[in-house]
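Asker:
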Amino acid sequence: DVQLPGMLTAVVAHPDVFGAKIKSLDDTAAKAVPGVKAVLRVPTDRGGEGVAVVAQGYWAAKQGRDALKLEWDTSAVEKVDSVKQLASYKALAKKTGMVKFDADMGALAKAPNKISAEFTFPYLAHAPMEPLNCTVQVTGSGPDAKAAIYVGTQMPGFDGMAAAKVLGVPPQNVKVHVQMAGGGFGRRAVPTADYVTEACNVTKVALAAGLTAPIRVLWSREDDIKGGYYRPMHVHRAEIGFDAKGKVLAWDHVIVGQSIVQGTPFAGMIKGGIDGTMTEGMRDPYDVPMRLSIHHPVVNVPVLWWRSVGSTHTAYVMETLVDEIARATQQ
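Here's what the structure looks like:
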């Protein structure tokens, strides 16, 4: 809803594989769209490249982007295959990983009742009602430069520091105008400040091209769903032994999924190689003899906390399996 005098709007063509770069670009048709002011190559998240179309209003910018003729260079980035990824996760789930809880599993083989279960959880986008957006205005130059950032954010401190770094503006000269956000759920709390960094890169390149107007970068709904960051994909595998009364004798459990804090300022949450956000809710509130182990594959898909974080999958698994034990013992 931010409207600044003379403001322009930009949309960015993102690579179709995370981190890919531009192989070739023909922007002739895009520049011919009425209202388009500039077509700019800009850095995107995770070392990639994109193309920003800057125009008077969203529709002109979008029409300009649609008219781009782009080829991407994906030779240096991993192309994740969903079918192969699921198969590899399921294979890992059959092996003991890094151990979080280490109860004795000796009783499992002789238990009178057993449950074997496997759960798969897909990548999930946050999909807030308001797609990602950020408006940037830079005035002055050198040590006197000032930046105003208008954005709905859950981490204004992170975003302000990221803006200062990209724009080359002293941190004390960056003012983050925190807007009412149309939903966040964690997508507006990104340690990499990806969409704010992108907006600042668009402004930085636009300034170098002689465009001094404030620029609002808008993501479409499609951009939002395809652009990361996601609740990680997970596979859970459980082998449970219990007696006729439903007492759990041994519960062997493996979880496979990417760490959401690895490589971020929150990496201190990783203990013994295990991201604590993935295991929260496991064994709670049930004091069962559990061996819990974790695998953290590294995958070229950007991931992030999502609403209730680990409990989005662990609570479902725990409660479902406890219900299965109750059903099996008619309780």
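Read in order, the letters of the sequence shown are residues 1 to 331 in my numbering.
Virtual Cβ for every residue (Gly too), placed ideally from N, Cα, C.
Keep in mind it's a predicted model, so treat the numbers as computed, not measured.
#1: For Val12, which residues does DSSP report across the bridge?
#2: Provide the residue(s) that pair with Ser293 in DSSP beta bridges, ordered along the chain.
#3: Start and end of the alpha helix (DSSP H) containing Ile325?
#4: Chain B beta carbons: is any one of them nearer than 8 Å to that of Ser141?
#5: So Asp275 and Ile260 are supposed to be a Cβ contact under 8 Å. How far apart are they, rounded?
#6: Leaving aside the five residues before and after Ala315 along the sequence, list all residues of the same chain whose C-beta is less than 7 Å from its C-beta, in chain order.
#7: Under 8 Å, do Ala55 and Val42 count as touching if we go by C-beta distance?
#8: Would you say Lys100 and Thr279 are within 8 Å of each other, going by their C-beta atoms?
#9: Excluding sequence positions up to five away, which residues of its chain have a Cβ less than 8 Å from the Cβ of Leu68?
#10: Measure the Cβ-Cβ separation of Phe18 and Asn300 and say whether it is below 8 Å.
#11: Assuming Ala413 contacts Gly263 under a Cβ cut-off of 8 Å, what Cβ separation, rounded to an integer in Å, is found between them?
#12: Please give the ranges of any beta strand (DSSP E) in the region 132-197, keeping only runs that are unbroken, at least 3 residues long and fully inside the region.
#13: Would Ala147 and Val174 be called neighbours here (beta carbons separated by less than 8 Å)?
#14: Please tell me whether Ala145 and Val176 are closer than 8 Å, where the distance is taken between their beta carbons.
#15: Who pairs with Lys114 in a beta bridge, going by DSSP?
#16: Out of Thr44, Thr197 and Ala91, point me to the one whose CA is closest to Ala164's CA.
#17: Tell me Pro43's beta-bridge partners as DSSP assigns them.
#18: Please work out which residues of its chain come closer than 8 Å, Cβ to Cβ, to Met269, disregarding the five sequence neighbours upstream and downstream, and give them in chain order.
#19: For the alpha helix (DSSP H) holding Lys90, just list the boundary residues, first then last.
#20: According to DSSP, what are the bridge partners of Ala125?
#21: For the structure I just gave you, are there three or more beta carbon pairs, one from the region 292-308 and one from the region 183-192, closer than 8 Å?
#22: Report buried or exposed for Val298, applying the criterion of at least 16 other Cβ atoms within 10 angstroms of its Cβ.
#23: Which of the three DSSP states is assigned to Lys31 in this structure?
#24: Rounded C-beta distance between Thr9 and Ala61? I'm assuming under 8 Å.
#25: With distances taken from CA atoms, which of Asp194, Tyr150 and Gln154 is nearest Pro214?
#26: Pick from Met129, Ala238 and Gly228: whose alpha carbon is nearest that of Ile255?
#27: Under 6 Å Cβ to Cβ from Arg65, same chain only, skipping five residues before and after it: list those, please.
#28: I need the DSSP call for Leu337, collapsed to helix, strand or coil.
#29: The beta strand (DSSP E) with Ser24 in it runs from where to where?
#30: To the nearest angstrom, report how far apart Pro289 and Ala103 are at their CA atoms.
Answerer: Short version:
#1: Counting from one through the sequence shown, the residue named residue 12 turns up at place 12. Its beta-bridge partners are Ala52.
#2: Working through the sequence shown from its first residue, we reach residue 293 at position 293. In DSSP, Ser293 forms a bridge with Val99 and Val254.
#3: In the sequence shown, the residue the question calls residue 325 occupies position 325. Here the alpha helix (DSSP H) through Ile325 covers Ser311 to Ala328.
#4: No chain B appears in this structure, which consists of one protein chain only.
#5: Taking the first residue of the sequence shown as position 1, residue 275 is located at position 275. Taking the first residue of the sequence shown as position 1, residue 260 is located at position 260. Confirmed, about 7 Å.
#6: Your numbering for residue 315 matches position 315 in the sequence shown. Answer for Ala315: Gly281, listed in chain order.
#7: Numbered from 1 along the sequence shown, position 55 holds the residue referred to as residue 55. Numbered from 1 along the sequence shown, position 42 holds the residue referred to as residue 42. Not a contact, by the Cβ cut-off of 8 Å.
#8: As a first step, residue 100 must be located in the sequence shown, where it is residue number 100. As a first step, residue 279 must be located in the sequence shown, where it is residue number 279. Yes; because the gap between Cβ atoms is below 8 Å, this pair is in contact.
#9: For this step, residue 68 is matched to residue 68 along the sequence shown. Result list for Leu68: Ala13, Leu25, Asp26, Asp27, Ala29, Ala30, Val39, Val51 and Val53, in chain order.
#10: Counted from its first residue, the sequence shown places residue 18 at position 18. Counted from its first residue, the sequence shown places residue 300 at position 300. In this structure, Asn300 lies closer than 8 Å to Phe18 by Cβ.
#11: Outside the shown range of the chain (1 to 331) lies residue 413, about which nothing can therefore be said.
#12: 133-139, 146-151 and 174-178
#13: Numbered from its first residue, the sequence shown carries residue 147 at position 147. Numbered from its first residue, the sequence shown carries residue 174 at position 174. Yes, the pair counts as a contact, with Cβ atoms nearer than the cut-off.
#14: The sequence position of residue 145 within the sequence shown is 145, counting from 1. The sequence position of residue 176 within the sequence shown is 176, counting from 1. Contact flag unset, no.
#15: For the purposes of this step, residue 114 is taken as residue 114 along the sequence shown, with counting starting at 1. Gly241.
#16: Position 164 of the sequence shown, counted from the start, is the residue given in the question as residue 164. Of the candidates Thr44, Thr197 and Ala91, the one whose C-alpha sits nearest the C-alpha of Ala164 is Thr197.
#17: Counted from its first residue, the sequence shown places residue 43 at position 43. Beta-bridge pairing links Pro43 to Glu49.
#18: As a working mapping, residue 269 is identified with position 269 in the sequence shown. Once the five neighbours on either side are set aside, the close Cβ partners of Met269 are Val261, Asp275, Gly276 and Thr277.
#19: Start at 1 with the first residue of the sequence shown, and residue 90 comes out as number 90. Per DSSP, Lys90 belongs to the alpha helix (DSSP H) from Ser82 to Leu92.
#20: The residue given as residue 125 occupies position 125 in the sequence shown. Answer is Tyr230, bridged to Ala125.
#21: yes
#22: By 1-based counting over the sequence shown, the position of residue 298 is 298. It is exposed - the Cβ of Val298 has fewer than 16 other Cβ atoms within 10 Å.
#23: On the sequence shown, residue 31 is found 31 positions in, with the first residue counted as 1. If DSSP states are grouped into helix, strand and coil, Lys31 belongs with the helices.
#24: Taking the first residue of the sequence shown as position 1, residue 9 is located at position 9. Taking the first residue of the sequence shown as position 1, residue 61 is located at position 61. Confirmed, Cβ separation roughly 5 Å.
#25: On the sequence shown, residue 214 is found 214 positions in, with the first residue counted as 1. Per the Cα distances, Tyr150.
#26: Counting from 1 along the sequence shown, the entry for residue 255 is found at position 255. The shortest C-alpha separation from Ile255 is found at Ala238.
#27: Indexing the sequence shown from 1 puts residue 65 at position 65. Within the same chain, Arg65 has close Cβ partners Val11, Ala13 and Val53.
#28: The displayed coordinates of the chain run from 1 to 331. Any statement about residue 337 would go beyond what the structure contains.
#29: As a position in the sequence shown, residue 24 is number 24, starting the count at 1. Lys21 to Asp26 is the extent of the beta strand (DSSP E) around Ser24.
#30: Residue mapping note: residue 289 aligns to position 289 of the sequence shown, counting from 1. Residue mapping note: residue 103 aligns to position 103 of the sequence shown, counting from 1. Going by the C-alpha atoms only, they are around 5 Å apart.
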